[in-house]
Amino acid sequence: MSVTLLDGRALSREINQAVKRQVATLSRPPGLGVILVGEDPASQVYVGRKQRVAEALGLLHVQRTLPADITQEALLAELDALQGRDDIDGVLVQLPLPDHLDADAVALRLDPAKDVDGLSPVNAGLLALGRPAMVPCTPAGVMRMLERGGVPLSGKRAVVVGRSNIVGRPIAHLLEQANATVTVCHSRTADLAEEVGRADVIIAAVGSPELVRGAWIRPGAAVIDVGVNRLEDGSLVGDVEFAAAAERAAVLTPVPGGVGPMTIALLMENTLRCALARGAAEGR
Ligand code: GUN
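Heads up, our numbering is the position in the sequence shown plus 37, with the first residue counted as 1.
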């Protein structure tokens with residue numbers, strides 16, 4: 038069986054171009070506000086990429102870089118100031134935060150109308166209820182890739198490895214809403230190999246290098262690898278043992294060049310959606 042690799046770079050380019058075309062018709066640019074706390078090198082890279090894409094598409098991009106030892110109160114005050122601006126339509130606080138800061142309290146403080154990460158309890162709750170919501174960017178990007186890959190979901194067994202609020206849990210809701218039968222696996226799952234082995238669709242989102250072994254995968258399954266793990270030798274690998282998975286899967290995403298660029302494209306799309314909902318009018 039030959040595997041089809043889903044090219045996240047190509048699909049994200051299409052989405053970005055569509056956003057750029059629509060942005061050019063608006064009465065004002067959609068505004069994206071980004072808060073980065075500390076100097077985590079990976080977060081700096083991600084935030085830099087978001088800025089480059091936002092500016093290339095004609096969005097207003099405003100970044101606040103805050104010291105790693107900032108207090109919770111000062112961080113919330115910065116968030117309030119950024120999301121209080123009329124020219125800012127979407128805000129995100131780059132995760133992970135330094136250990137002394139409370140990411141749940143940040144999520145609670147997000148203005149749901151500007152929550153382009155879909156992390157506020159309002160958006161998370163709406164999504165869980167199957168109501169229209171801001172959907173976190175990575176899960177939204179994963180669904181777009183499955184759609185583009187022609188991967189059937191209705192009636193299929195889907196296994197999500199990882200239960201984070203930003204990836205695993207929202208993806209599980211989206212797959213269930215697409216009528217898949219969904220199992221969420223995590224660090225206490227008794228037999229991960231067995232669960233994965235039953236799945237028609239596997240979403241790996243734990244952040245553990247090559248945790249999902251190729252030999253576990255059912256021949257013909259679709260495998261979406263959300264993990265981005267840097268090894269000591271500097272190389273990047275996903276949460277899936279790629280070469281072995283490619284021997285069995287029908288559809289597979291590479292790392293890098295798979296889900297990563299989709300996350301950024303969906304962030305741009307979410308920012309555009311927030312701007313339109315906040316009255317950025319078409320007809321420039
Ligand atoms: N860190 C890694 N991915 C993401 C993301 O999609 N949003 C935020 N806020 N932080 C992240």
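Virtual Cβ for every residue (Gly too), placed ideally from N, Cα, C.
query	result
Alpha-carbon spacing of A79 relative to G295, whole angstroms	17 Å
Bridge partners - H98, DSSP secondary structure assignment	L69
DSSP state of E231 mapped onto helix, strand, coil	helix
Three-state secondary structure assigned by DSSP to R185	helix
Contacts around D148, its chain only, beta-carbon distance under 8 Å, and the 5 residues preceding and following it disregarded	Q120, V128, S157
Residue from P66, T41, P133, R225 whose Cα sits closest to the Cα of V74	P133
C-beta contact flag for V84 and V71 at 8 Å	yes
Closer than 7 Å: V90 CB and nearest the ligand GUN heavy atom	no
Separation of L97 from V277, as counted between CA atoms	36 Å
Residue from T290, F279, V260, P246 whose Cα sits closest to the Cα of E269	P246
Euclidean distance between Cα positions of D237 and A47	25 Å
Coil, strand or helix - G178 by DSSP	helix
Cutoff 6 Å; reference R235; Cβ partners in own chain excluding five residues on either side	R194
Span separating the alpha-carbon of N160 from that of S64	27 Å
Any 3 or more C-beta pairs closer than 8 Å across the segment 162–170 and the segment 275–291	no
Any 3 or more C-beta pairs closer than 8 Å across the segment 49–59 and the segment 299–315	yes
Cβ-based burial, N53 [other Cβ within 10 Å; buried from 16]	buried
Check whether V260 and V288 have beta carbons under 8 Å apart	yes
The segment 204–213 in contact with the segment 166–177 per 3-pair CB rule at 8 Å	yes
Three-state secondary structure assigned by DSSP to G75	coil
Local Cβ density within 10 Å of A217, reported as buried at 16 or more and exposed below that	buried
Endpoints, beta strand (DSSP E) assigned at D262	259–262
Three-state class that DSSP yields for A302 in the structure shown	helix
CA nearest to the CA of D136, picked from E115, Q109, V265	Q109
Exposure label - L145; buried when at least 16 CB within 10 Å	exposed
Contacting residues, own chain, Cβ-Cβ under 8 Å from R310 (five flanking each side not counted)	M171
Those runs of the beta strand (DSSP E) which lie wholly inside the segment 265–292 and span at least 3 residues	none
Cβ pair R250, V221 closer than 8 Å	no
DSSP bridge partner residues for V196 (one or two, in chain order)	T220, I239
beta-carbon I203 near the ligand GUN non-hydrogen atom, thresh 7 Å	yes
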